[in-house]
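**Q** Note that this note's numbering numbers the sequence shown so that position 294 is 294, with each residue one more than the last. Ideal placement from N, C-alpha and C gives every residue a C-beta, glycine not left out. As the structure is a computational prediction, the values presented were derived from the model and not from experiment.
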Amino acid sequence: MTTPLSDLVRRLRHLEIRIRKAVEAQLQGDFHSVFKGTGLEFDDVRLYQYGDEVRAIDWAVSSKGHGTFVKTYKEEKEQQVLVLLDVSASLDVGDGQRRKLDVARDIAGLLALSAARQGSALGLFAFSDQKELYLPPAKGARAAYALINRLFSLVPASLGTGVGAGIRQALGLLKRRTLVVLISDFIDGNYERELTMLAQRHDLIVVQLRAPRERQFPALGIVPLRDAETGQVRWVNTSSADFRARIESGADRQEAELVNLCRRTRTGFLPLSTEGDFVPQLVNLFRYRQQFGRRG
1 MTTPLSDLVR RLRHLEIRIR KAVEAQLQGD FHSVFKGTGL EFDDVRLYQY GDEVRAIDWA
61 VSSKGHGTFV KTYKEEKEQQ VLVLLDVSAS LDVGDGQRRK LDVARDIAGL LALSAARQGS
121 ALGLFAFSDQ KELYLPPAKG ARAAYALINR LFSLVPASLG TGVGAGIRQA LGLLKRRTLV
181 VLISDFIDGN YERELTMLAQ RHDLIVVQLR APRERQFPAL GIVPLRDAET GQVRWVNTSS
241 ADFRARIESG ADRQEAELVN LCRRTRTGFL PLSTEGDFVP QLVNLFRYRQ QFGRRG
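Below is the structure:
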């Protein structure tokens, strides 16, 4: 049974109010700063003046023979936003009350409502190992409600994961510099090159979703475990110290590799858990944008 759109919006609005109050209390800043631009955008051209940098010359305009012109720029006041969302089967895991996918949808819905209030254009690209849903960036409450409705009713056609493929498809769709919020559990490999390209071309924030039981698996004895994406079932001794150590070390290694990749690419990194209240954790997204997200 699906939740009515009005109930979804009401719940997300309540979360948005909580986040806004937390941001204002902790950061003394603007809740909507996540949507502000982080650089310069082309404004106009003017005649070259002594002292102007040669690299600022607009050669296409100057070649028309009416003089030498240089480009002028203005600070970006707002930024187009794309939520790049992993909806593969591994996000069905959670703490019993909330799955990683539930947290991911809430974040996307919150950003959509906040962008609408700010007058910023926000879009969605949901992927598994293929494109599942693409909604181009759009402004306004109607667009935000449509995005929430489509996202919360989405039933992915595929169970697989392809983070790199999802990023490649998104890169092909983005024609201007965009704030990309990439949300995934990153239980995948071979996406480093694509993530680096995305960080070079756009303003990127990586949100990694975690379920505590994936790191600290309960000791249930010998039980069958089914891979959510492949459907493969295998029997394992979950009480084995070796099994539990391998699970934890594998999660630690995967997380460390992602953190290092984000550090190398100067990308904002935000880990979010399905356990407990994720609103205080989400405030870190706004803290990153306010304190470290501005690039010239």
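(1) Once DSSP output is grouped into helix, strand and coil, what is the label at Leu209?
(2) Which same chain residues end up closer than 6 Å to Ala126 when comparing Cβ atoms and leaving out the 5 residues on each side of it in sequence?
(3) Mapping DSSP to helix, strand and coil, what is Phe152?
(4) Please report the straight-line C-alpha distance between Val283 and Leu258, rounded to a whole angstrom.
(5) Output the distance between the C-alpha atoms of Ile148 and Lys139, rounded to the nearest integer angstrom.
(6) Between which two residues does the beta strand (DSSP E) harbouring Glu132 extend?
(7) Measure the beta-carbon distance from Val180 to Leu204 and round it to whole angstroms, keeping in mind my assumption that it falls under 8 Å.
(8) Assuming Leu15 and Val279 make a contact with CB atoms under 8 Å, what is their CB distance in whole Å?
(9) Ignore the nearest five residues each way along the sequence and tell me which others in Leu272's own chain have a CB closer than 8 Å to its CB.
(10) Consult DSSP for Ala146 and reduce its assignment to one of helix, strand or coil.
(11) Can you give me the C-alpha to C-alpha distance between Leu338 and Ser158, rounded to a whole angstrom?
(12) Between the C-alpha atoms of Leu110 and Arg117, what's the straight-line distance to the nearest angstrom?
(13) From which residue to which residue does the alpha helix (DSSP H) around Ser62 run?
(14) Ends of the alpha helix (DSSP H) at Ile183?
(15) Kindly indicate if chain C contains any beta-carbon less than 8 Å away from that of Leu270.
(16) Taking the beta strand (DSSP E) that Ser273 belongs to, which residues open and close that run?
(17) Use the C-beta contact count for Tyr191: other C-beta atoms within 10 angstroms, 16 or more gives buried, fewer gives exposed.
(18) Using beta-carbon positions only, say whether Arg177 and Leu113 come within less than 8 Å of one another.
(19) Is DSSP giving Ala241 helix, strand or coil here?
(20) To the nearest whole angstrom, what separates the beta carbons of Asp129 and Ala89, a pair I think is in contact under 8 Å?
(21) Applying the 10 Å Cβ sphere with the 16-neighbour rule, what's the burial state of Ala141?
(22) So what's Leu159 in DSSP terms, helix, strand or just coil?
(23) Could you check which residue in Val233, Arg201, Pro136, Gln97 has the C-alpha nearest to that of Glu275?
(24) What is the DSSP secondary structure of Ala126, counted as helix, strand or coil?
(25) Looking only at its own chain, which residues have a Cβ that is under 6 Å from the Cβ of Asp188, when we skip the five neighbours before and after it?
(26) Are Val83 and Ala121 closer than 8 Å when you measure CB to CB?
(27) Counting along the chain, where does the alpha helix (DSSP H) carrying Val54 start and finish?
(28) Look at Asp95 and Pro4 and say whether their C-beta atoms are less than 8 Å apart.
(29) What are the residues that DSSP puts in a beta bridge with Leu204?
(30) For Gly189, which three-state DSSP category applies?
**A** A quick look at the data gives this:
(1) The answer is strand: DSSP assigns Leu209 an E or B state.
(2) Hits under 6 Å: Leu85, Val87, Glu132, Leu133.
(3) Looking at Phe152 - three-state DSSP - the assignment turns out to be helix.
(4) Rounded to the nearest whole angstrom, the C-alpha separation of Val283 and Leu258 is 21 Å.
(5) Here the alpha carbon of Ile148 sits roughly 13 Å from the alpha carbon of Lys139.
(6) It spans 131 to 138 - the beta strand (DSSP E) in which Glu132 sits, taken as one unbroken run.
(7) Yes, Val180 and Leu204 are in contact; Cβ-Cβ is about 5 Å, under 8 Å.
(8) The C-beta distance from Leu15 to Val279 rounds to 6 Å, short enough to meet the 8 Å contact threshold.
(9) The answer, listed in chain order, is Val103, Ile107, Val207, Gln208, Leu209, Arg210, Phe278, Gln281, Leu282.
(10) Here Ala146 carries a helix assignment [DSSP, helix/strand/coil].
(11) No information on residue 338 is available, as it lies outside the stretch 1 to 296 that the chain covers here.
(12) Pairing Leu110 with Arg117, the inter-Cα distance amounts to about 11 Å.
(13) From DSSP, the alpha helix (DSSP H) with Ser62 extends over 59 to 62.
(14) Boundaries around Ile183 are those of the beta strand (DSSP E), 179 to 184, since no alpha helix (DSSP H) includes it.
(15) Protein chain content of the structure displayed is limited to a single chain, and chain C is not contained in it.
(16) Note, Ser273: beta strand (DSSP E), 268 to 273.
(17) By the 16-neighbour rule on beta-carbons within 10 angstroms, Tyr191 is buried.
(18) Not a contact, by the Cβ cut-off of 8 Å.
(19) Three-state DSSP puts Ala241 in a helix.
(20) Incorrect: roughly 10 Å between the Cβ atoms, too far for contact.
(21) Answer is exposed; the Cβ neighbour count stays below 16.
(22) Leu159 falls in the coil class under three-state DSSP.
(23) Considering only alpha carbons, the answer is Gln97.
(24) Here Ala126 sits in strand by DSSP.
(25) Excluding its 5 nearest sequence neighbours in each direction, Asp188 has C-beta neighbours in its own chain below 6 Å: Thr161, Val163, listed in chain order.
(26) No. Outside cutoff.
(27) Note, Val54: premise wrong, no alpha helix (DSSP H); not H, not E.
(28) It is not a contact, given that the beta carbons lie outside the stated cut-off.
(29) Residue pairing by DSSP places Leu204 opposite Val180 in a beta bridge.
(30) Assigned with DSSP and collapsed to three states, Gly189 falls in coil, not helix or strand.
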